[in-house]
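Student: Here it is, the structure in full.
In our numbering, the protein residues as written are 157 to 287.
Set out below in structure tokens:
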């Protein structure tokens, strides 16, 4: 999913300062397509501060799916082959946010992300909304 908007926004955290020409791009899903899109847009627009690119995924890392048979066979260490979204975002000028999309509000142009819980069932990241 891709969303682009423009307007003003205050500087927060690792986001770039918003100007009239800066766009907000939110990509939901860090599979091969989403990760490639975030990386390319980050290199092209994020680096030049022409856009804030945010990638949202339920997992903190990406494992290329064609390698799963090697993981299942025990011939590949899945942790060695994982790509951490946070590191990729740092290297390629996009932000990563951990979470599972639970809502899309087209009228408000917002994406709702479900809270994240630890193994004990305690909430560690609250429900959030992205524009």
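Don't be surprised by glycine CBs; every beta carbon is placed ideally from N, CA and C.
Of the residues 248, 217, 203 and 255, which one's Cα is nearest the Cα of residue 273?
Tutor: Residue 255 is the option with its Cα nearest to residue 273.
Student: Suppose the cutoff is 6 Å on Cβ atoms and the five residues either side in sequence are ignored; what does the same chain contact list for residue 258 look like?
Tutor: These residues qualify, in order along the chain: 268 and 270.
Student: Where do the ends of the alpha helix (DSSP H) carrying residue 189 lie?
Tutor: Where residue 189 is concerned, the enclosing alpha helix (DSSP H) stretches over 188-197.
Student: Once DSSP output is grouped into helix, strand and coil, what is the label at residue 219?
Tutor: Residue state, collapsed to three classes: coil.
Student: From the DSSP output, which residues share a beta bridge with residue 279?
Tutor: DSSP lists 273 as partners of residue 279.
Student: By alpha-carbon positions, which one of 260, 261, 281 and 216 ends up nearest to residue 243?
Tutor: Measuring from the Cα of residue 243, the nearest candidate turns out to be 216.
Student: Note down the Cα distance separating residue 177 from residue 206, rounded to an integer number of angstroms.
Tutor: Going from the Cα of residue 177 to the Cα of residue 206 covers about 7 Å.
Student: Output the boundary residues of the beta strand (DSSP E) element that contains residue 244.
Tutor: Element bounds for residue 244: not the beta strand (DSSP E) but the alpha helix (DSSP H), 241-248.
Student: Measure the Cβ-Cβ separation of residue 198 and residue 248 and say whether it is below 7 Å.
Tutor: For residue 198 and residue 248, yes; Cβs fall inside 7 Å.
Student: How many whole angstroms separate the CB atoms of residue 238 and residue 211, which I take to be in contact at a CB cut-off of 8 Å?
Tutor: So it is not a contact: roughly 15 Å between Cβ atoms.
Student: If I measure Cβ to Cβ from residue 280 and keep anything under 7 Å in the same chain, skipping five residues before and after, which residues do I get?
Tutor: The residues are 272, 273 and 274.
Student: Rounded to whole angstroms, what is the Cα-Cα separation between residue 264 and residue 286?
Tutor: Computed Cα separation, rounded: 10 Å.
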